[in-house]
Amino acid sequence: MAAPTTDLSTADRFWADAERHLVRYAGAGDFTREIIDHAAGSYLFTESGRRILDFTSGQMSAILGHSHPDIVDTVRRQIGSLDHLFSGMLSRPVVDLARRLAETLPSPLEKALLLTTGAESNEAAIRMAKLVTGKHEIVSFARSWHGMTQAAANATYSAGRKGYGPAAPGNFAIPSPNSYRPDFVTAEGELDWRRQLDFGFEMIDAQSVGSLAACVVEPILSSGGIIEPPIGYFAALREKCRERGMLLILDEAQTGLCRTGNWYAFERDGVVPDVLTLSKTLGAGLPLAAVITSAEIEQEAHDRGYLFFTTHVADPLVAAVGNTVLDVLTRDRLDERATELGAFLRRGLEDLAGRHDVIGDIRGRGLLVGVELVVDRSTKRSSDELGARVTRRCLELGLHMNIVQLPGMGGVFRIAPALTATEEELAEGLGILDQAIGDALTGFGG
70 MAAPTTDLST
80 ADRFWADAER
90 HLVRYAGAGD
100 FTREIIDHAA
110 GSYLFTESGR
120 RILDFTSGQM
130 SAILGHSHPD
140 IVDTVRRQIG
150 SLDHLFSGML
160 SRPVVDLARR
170 LAETLPSPLE
180 KALLLTTGAE
190 SNEAAIRMAK
200 LVTGKHEIVS
210 FARSWHGMTQ
220 AAANATYSAG
230 RKGYGPAAPG
240 NFAIPSPNSY
250 RPDFVTAEGE
260 LDWRRQLDFG
270 FEMIDAQSVG
280 SLAACVVEPI
290 LSSGGIIEPP
300 IGYFAALREK
310 CRERGMLLIL
320 DEAQTGLCRT
330 GNWYAFERDG
340 VVPDVLTLSK
350 TLGAGLPLAA
360 VITSAEIEQE
370 AHDRGYLFFT
380 THVADPLVAA
390 VGNTVLDVLT
400 RDRLDERATE
410 LGAFLRRGLE
420 DLAGRHDVIG
430 DIRGRGLLVG
440 VELVVDRSTK
450 RSSDELGARV
460 TRRCLELGLH
470 MNIVQLPGMG
480 GVFRIAPALT
490 ATEEELAEGL
500 GILDQAIGDA
510 LTGFGG
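The opening residue of the sequence shown carries number 70 in the numbering used here; numbering runs sequentially from there.
Structure (structure tokens):
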């Protein structure tokens with residue numbers, strides 16, 4: 070039996086209990102050393118009375134900010150009437166959300182499966198693709214993140230692959246098209262993405278046993294360091310899939326529902342996926358996800374006995390929240406707001422880059438922005454220590470930032486404020502980041 074902690078202060082007791090009883094699930098990362106009491110809008114509030122500006126909208130999910138009044142009203146109303154059902158039963162919020170999602174999407178995407186998390190939606194999509202095609206091999210980006218469940222984890226390459234035994238056979242990676250750190254270059258030194266894509270599929274074809282089922286990719290690789298493939302890339306990728314009889318699955322966990330300035334990030338490229346997965350932003354912080362596909366693919370899956378029966382499939386409570394999210398996005402024209410605020414944020418970051426040489430690259434779209442830190446702009450040499458120092462100083466000053474640190478890349482800040490943030494709040498965050506970079510560089514030897 071664990072020793073009592075009654076002789077400790079309230080905060081010390083909290084951390085002692087956390088250390089004693091919680092599984093640490095973030096790899097080598099530690100829990101943020103703050104006790105969060107409540108949250109509202111763009112801010113988190115700690116038990117000690119600190120106010121922290123949230124530049125990640127929770128886990129890149131709370132696109133309407135924290136405790137949005139419309140979401141709060143919906144949860145209070147819905148949980149008092151209908152929250153959960155046997156998985157084979159239907160309710161109006163579920164059917165309404167499926168119909169309304171189809172209305173936001175181009176043809177032929179019209180059939181929806183409502184689930185809980187991004188990993189679960191990718192699991193369901195990959196399972197559907199394998200059944201429909203009768204094949205089993207899956208291709209994804211080398212910097213991808215699709216989740217930590219079986220098939221989703223097998224398609225994830227940015228982290229979490231070592232130490233868990235062999236991955237399922239038939240999972241392949243193609244190079245991520247990183248314009249800032251290109252591996253295939255033109256005569257002008259820019260990313261030659263066509264040659265890179267051709268090479269990637271030459272390697273896939275060499276390894277495949279002739280059973281390529283699907284390619285699952287993010288329109289903007291977030292955990293991979295906010296990497297956005299150039300215009301034209303996805304059309305070419307789609308053609309590679311068609312040539313091989315593969316389905317194209319787009320994972321818009323973080324990019325979907327107005328975050329990038331479009332309702333869906335794939336709209337920029339004029340490419341419609343065979344299967345679309347949504348999560349994070351769909352529930353605005355609550356556990357809601359969706360798999361959306363065509364009637365033709367759904368019919369083929371059904372004819373073959375498609376089975377993805379989960380405890381919380383088609384739950385009415387979160388479906389009602391999803392409908393409210395669509396209401397607010399439409400009513401407040403948050404796609405336009407993401408474009409406007411994204412331009413404001415980028416201008417501010419470019420101003421910071423003019424004062425801090427350690428800002429090597431600014432990329433992304435709308436309110437999903439990446440800032441890559443480097444020690445030397447000419448060589449693009451990175452430093453994990455610098456990124457950690459800036460992140461730590463930001464939190465001390467009242468700004469929560471998330472930094473991605475992967476081998477071969479500099480530390481990349483993922484900046485994803487709520488779509489409901491104000492220019493004043495973004496300016497506050499930019500000011501804190503400015504000070505944090507300056508403070509972190511004091512005494513930093515590179």
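Backbone N, C-alpha and C fix where the C-beta goes; we use that ideal spot for every residue, glycine too.
Residues of its chain near residue i, where Cβ-Cβ distance is below 6 angstroms and the 5 sequence neighbours each way are ignored
{"i": "Glu367", "result": "Lys180"}
{"i": "Val459", "result": "Ala505, Ile506, Ala509"}
{"i": "His153", "result": "Asp384"}
{"i": "Asp261", "result": "Phe253, Val254, Thr255"}
{"i": "Glu103", "result": "Thr115"}
{"i": "Phe303", "result": "Asp338, Val340"}
{"i": "Asn471", "result": "Thr125, Arg483"}
Endpoints, alpha helix (DSSP H) assigned at residue i
{"i": "Cys463", "result": "453-466"}
{"i": "Leu510", "result": "492-510"}
{"i": "Arg423", "result": "Residue 423 is actually Gly in this sequence, not Arg. Here the alpha helix (DSSP H) through Gly423 covers 403-424."}
{"i": "His371", "result": "364-372"}
{"i": "Gly433", "result": "Looking at the DSSP string, Gly433 is not in any alpha helix (DSSP H); the run it does join, the beta strand (DSSP E), is 428-434."}
Best match in the options for proximity to residue i [C-alpha to C-alpha]
{"i": "Tyr112", "options": "Gly98, Ile132, Thr79, Val254", "result": "Ile132"}
{"i": "Tyr375", "options": "Gly96, Ala171, Lys199, His107", "result": "Lys199"}
{"i": "Phe268", "options": "Val254, Val278, Gly279, Arg416", "result": "Val254"}
{"i": "Leu502", "options": "Gly512, Ala487, Thr491, Arg483", "result": "Arg483"}
{"i": "Glu297", "options": "Met315, Gly134, Tyr249", "result": "Tyr249"}
{"i": "Val163", "options": "Val390, Thr186, Arg373, Ser213", "result": "Val390"}
{"i": "Asn223", "options": "Asn247, Glu192, Pro244", "result": "Glu192"}
{"i": "Asp142", "options": "Val397, Val473, Ala407", "result": "Val397"}
{"i": "Asp320", "options": "Leu260, Glu88, Phe513, Ile195", "result": "Ile195"}
{"i": "Leu183", "options": "Gly127, Leu166, Arg307, Ser176", "result": "Leu166"}
{"i": "Glu493", "options": "Glu189, Gly110, Ala85, Ala95", "result": "Gly110"}
{"i": "Val473", "options": "Lys309, Trp214, Glu189, Asp372", "result": "Trp214"}
{"i": "Leu316", "options": "Asp139, Val201, Glu103", "result": "Val201"}
{"i": "Met399", "options": "Leu170, Ile300, Ala364, Val444", "result": "The sequence shown places Thr at residue 399, rather than the Met named in the question. Of the candidates Leu170, Ile300, Ala364, Val444, the one whose C-alpha sits nearest the C-alpha of Thr399 is Leu170."}
{"i": "Ile273", "options": "Gly439, Glu259, Lys309", "result": "Lys309"}
{"i": "Met36", "options": "Met197, Val382, Asp426", "result": "Within the shown structure, residues of the chain are numbered from 70 to 515, placing residue 36 beyond reach of any answer."}
{"i": "Ala236", "options": "Ile148, Ala220, Glu88", "result": "Ala220"}
Proximal residues to residue i (C-beta, below 7 angstroms), its chain only, five neighbours per side dropped
{"i": "Glu238", "result": "With the sequence shown as reference, residue 238 is identified as Pro, and Glu is not the correct amino acid for it. Within the same chain, Pro238 has no close Cβ partners at all."}
{"i": "His205", "result": "Lys199, Gly239, Ser280, Ala282"}
{"i": "Thr218", "result": "Ala188, Glu189, Glu192"}
8 angstroms CB neighbourhood of residue i in its chain, flanking five on each side removed
{"i": "Thr380", "result": "Ser156"}
{"i": "Leu495", "result": "Leu410, Phe413, Leu414, Gly417, Pro486"}
{"i": "Gly352", "result": "Ser130, Ala358, Val387, Val390, Gly391, Val394"}
{"i": "Ala407", "result": "Cys327, Arg328, Thr329, Gly330, Gly435, Leu436, Leu488"}
Supposed contact pair residue j and residue i - C-beta distance, whole angstroms, cut 8 angstroms
{"i": "Val208", "j": "Leu281", "result": "7 angstroms"}
{"i": "Gly433", "j": "Ser451", "result": "Contact doesn't hold; Cβ gap of about 18 angstroms is too wide."}
{"i": "Thr186", "j": "Pro356", "result": "6 angstroms"}
{"i": "Val340", "j": "Leu178", "result": "About 12 angstroms; that fails the 8 angstroms criterion."}
{"i": "Gly293", "j": "Arg212", "result": "3 angstroms"}
{"i": "Phe210", "j": "Leu290", "result": "6 angstroms"}
{"i": "Ser190", "j": "Ser348", "result": "5 angstroms"}
{"i": "Leu442", "j": "Leu421", "result": "The pair is not a contact, with the Cβ atoms about 11 angstroms apart (cut-off 8 angstroms)."}
{"i": "His469", "j": "Phe83", "result": "Actually they are not in contact, since the Cβ atoms of His469 and Phe83 sit about 19 angstroms apart, beyond 8 angstroms."}
{"i": "Arg337", "j": "Ile300", "result": "7 angstroms"}
{"i": "Gly439", "j": "Ile295", "result": "3 angstroms"}
{"i": "Thr350", "j": "Gly325", "result": "5 angstroms"}
Rounded C-alpha distance that separates residue i from residue j
{"i": "Phe100", "j": "Ala457", "result": "14 angstroms"}
{"i": "Ala305", "j": "Gly429", "result": "29 angstroms"}
{"i": "His90", "j": "Leu174", "result": "44 angstroms"}
{"i": "Ala242", "j": "Val285", "result": "10 angstroms"}
{"i": "Gln323", "j": "Ala256", "result": "34 angstroms"}
{"i": "Ala359", "j": "Ile318", "result": "13 angstroms"}
{"i": "Leu418", "j": "Leu499", "result": "7 angstroms"}
{"i": "Lys449", "j": "Leu403", "result": "35 angstroms"}
{"i": "Asp343", "j": "Arg145", "result": "36 angstroms"}
{"i": "Gly229", "j": "Glu497", "result": "34 angstroms"}
{"i": "Ser136", "j": "Thr115", "result": "15 angstroms"}
{"i": "Arg461", "j": "Ser245", "result": "29 angstroms"}
{"i": "Gly467", "j": "Ser277", "result": "50 angstroms"}
{"i": "Asp453", "j": "Arg313", "result": "40 angstroms"}
{"i": "Glu271", "j": "Glu287", "result": "21 angstroms"}
{"i": "Thr491", "j": "Tyr333", "result": "22 angstroms"}
{"i": "Ala370", "j": "Asp139", "result": "36 angstroms"}
{"i": "Gly514", "j": "Leu475", "result": "21 angstroms"}
{"i": "Ser447", "j": "Asp426", "result": "10 angstroms"}
{"i": "Arg119", "j": "Cys463", "result": "13 angstroms"}
Where the beta strand (DSSP E) containing residue i begins and where it ends
{"i": "Phe241", "result": "240-243"}
{"i": "Ser447", "result": "Element bounds for Ser447: n/a, residue is neither H nor E."}
{"i": "Tyr112", "result": "112-115"}
{"i": "Phe210", "result": "206-210"}
{"i": "Leu306", "result": "Unbroken run through Leu306 is the alpha helix (DSSP H), 302-312; no beta strand (DSSP E)."}
{"i": "Asp267", "result": "Run containing Asp267: none in the beta strand (DSSP E); it sits in the alpha helix (DSSP H), 262-276."}
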